[in-house]
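Q: First, the structure itself, so that you have it in front of you.
In the working numbering, the protein residues as written are 0 to 399.
Below, the structure written as structure tokens:
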């Protein structure tokens, strides 16, 4: 049996074997000078994109439909020597174009390799998910994770990944060495005897839209191009929860897609940045923004929480799945967002008709005070409480 001792042995193996494989060249979805042009999703798009390429001296890099918002997207490469901002401004004023934007870059919000053993499996108890699991485990709830790939063959994730898709072209194509997505998926839905994620009976849809540039890269990168395709797929997949443990600059196309997801009842959870702003997509008002706290609920509460509600969850020294068969400690708001995603799945098992705004209200009403210094800036943040949230939803006041 895989006891806690067995997990620690696996952890040691995981620490020794977490170096990523060589990824080769970056994918074509993130090259300098790329512009995404949004066209009406009708029969005229083929002719229009040919006209635009000729008139603006652009090279088509790819095209893809976004059925959820009924548009066709074309990615153009600006000719060498041309000024991309100038071309972008002209395209935005072209009546044939719905919208145009730079193909932006996003990053996964986690850091690997904290080796603290004092923090072993503290997350479920801190947010009372261990109590919530007596009645709810996320059974039947579909969760879409947009991230790097997920190593579905990991012992803790076998049988948990209902479907997977890859939206990244070029580079390393295997999911087997994708650390970030595997870590996030483990917090959400792993089950391995002595280890259980937040929603261990949920169904995970793993959508690879992010990648590592090379073997030495600590951060996973994503682009507007890959993320847009992944969000569109998630909307059409029937997933009720969408986890986006990543952040970057504001993005109009992704805002439109996430808005459509929420309209259709999908609850979107995103990792927030630690600085003066939450980052995108956590900055969107319809998204549940999450930042990280430590073992006793201690947190450096971001200043931006004075203006809007945000939820804190365990994100420091989190034991979770890593590629191959190991476990490792990982830190960052990516892991905090994964905790909240799992809690939302518990709520949806209890009430499948729960709407995004209702879920946010429940989390806000049942959040607990954070352990912060008395002189801290006033904040509208709180620590997620899985048991209290379930209790409010049922009207019993507790999950027990």
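Where a beta carbon is used, it is the ideal one built from N, C-alpha and C, also for glycine.
Mind listing, in chain order, the continuous beta strand (DSSP E) runs of no fewer than 3 residues lying wholly within the stretch 182 to 244?
A: 202 to 207, 220 to 222 and 240 to 243
Q: According to DSSP, is residue 168 helix, strand or coil?
A: Locating residue 168 in the chain shown gives position 169, where the first residue counts as 1. Coil, per DSSP.
Q: Smallest Cα separation from residue 63: which of 228, 164 and 33?
A: Here residue 63 refers to the residue found at position 64 of the chain shown. Answer by Cα proximity: 228.
Q: Our contact map puts residue 320 next to residue 153 with C-beta atoms below 8 Å; I'd like the distance itself, whole angstroms only.
A: Within the chain shown, residue 320 is the residue found at index 321, counting from 1. Within the chain shown, residue 153 is the residue found at index 154, counting from 1. About 5 Å; that satisfies the 8 Å criterion.
Q: Can you give me the start and stop residues for the alpha helix (DSSP H) that residue 55 sits inside?
A: As a first step, residue 55 is located in the chain shown; it is residue number 56 there, counting from the start. Annotation for residue 55: the continuous alpha helix (DSSP H) segment containing it runs 44 to 55.
Q: Quick check: the Cα distance between residue 202 and residue 226, rounded to an integer number of angstroms?
A: By 1-based counting over the chain shown, the position of residue 202 is 203. By 1-based counting over the chain shown, the position of residue 226 is 227. Taking the straight line joining both Cα atoms gives about 21 Å.
Q: Would you give the residue range spanned by the alpha helix (DSSP H) that residue 154 belongs to?
A: Translated into positions along the chain shown, residue 154 becomes position 155. Unbroken run through residue 154: none, as it is neither H nor E.
Q: Is the number of C-beta pairs between the stretch 74 to 86 and the stretch 24 to 44 that are closer than 8 Å three or more?
A: Contact between the stretch 74 to 86 and the stretch 24 to 44 is present, because at least three Cβ pairs lie under 8 Å.
Q: On the DSSP letters alone, give me the boundaries of the beta strand (DSSP E) that residue 106 sits inside.
A: Here the question's residue 106 lines up with position 107 in the chain shown. Its beta strand (DSSP E) spans residues 104 to 107.
Q: So if DSSP puts residue 318 in a beta bridge, which residue, or which two residues, is it bridged to?
A: Position 319 of the chain shown holds residue 318. Its beta-bridge partners are 328.
Q: Quick one: what's got a C-beta closer than 7 Å to residue 457's C-beta in the same chain, skipping five residues either side?
A: Summary: the structure shown does not reach residue 457, with the chain confined to residues 0 through 399, and so no result is reported for it.
Q: Rounded to whole angstroms, what is the Cα-Cα separation between residue 155 and residue 71?
A: Within the chain shown, residue 155 is the residue found at index 156, counting from 1. Within the chain shown, residue 71 is the residue found at index 72, counting from 1. Rounded to the nearest angstrom, the two C-alpha atoms are 39 Å apart.
Q: Could you please give me the residues that DSSP links to residue 380 through a beta bridge?
A: Your numbering for residue 380 matches position 381 in the chain shown. DSSP lists 309 as partners of residue 380.
Q: Under a three-way DSSP split, which group does residue 39 fall into?
A: Numbered from 1 along the chain shown, position 40 holds the residue referred to as residue 39. When DSSP states are grouped into helix, strand and coil, residue 39 belongs to the strand group.
Q: Which residue's Cα is closest to the Cα of residue 96: 41, 121 and 119?
A: Along the chain shown, one-based indexing puts residue 96 at 97. Of 41, 121 and 119, the residue nearest in Cα terms is 41.
Q: So what does DSSP say about residue 391, is it helix, strand or coil?
A: Taking the chain shown and counting its residues from 1, one reaches residue 391 at position 392. Helix.
Q: For a test of the three-state rule: what should DSSP assign to residue 350, helix, strand or coil?
A: The residue given as residue 350 occupies position 351 in the chain shown. Residue 350 falls in the coil class under three-state DSSP.
Q: For residue 311 versus residue 369, is the C-beta distance shorter than 7 Å?
A: On the chain shown, residue 311 is found 312 positions in, with the first residue counted as 1. On the chain shown, residue 369 is found 370 positions in, with the first residue counted as 1. Yes. Within cutoff.
Q: With a cut-off of 8 Å on the beta carbons, I'd call residue 337 and residue 187 a contact; round off their distance for me.
A: Stepping through the chain shown from its first residue, residue 337 is reached at position 338. Stepping through the chain shown from its first residue, residue 187 is reached at position 188. Contact holds; Cβ gap of about 5 Å.
Q: Please say whether residue 290 and residue 330 have beta carbons closer to each other than 7 Å?
A: Sequence index remark: in the chain shown, residue 330 carries index 331 (1-based). Sequence index remark: in the chain shown, residue 290 carries index 291 (1-based). In this structure, residue 290 does not lie closer than 7 Å to residue 330 by Cβ.
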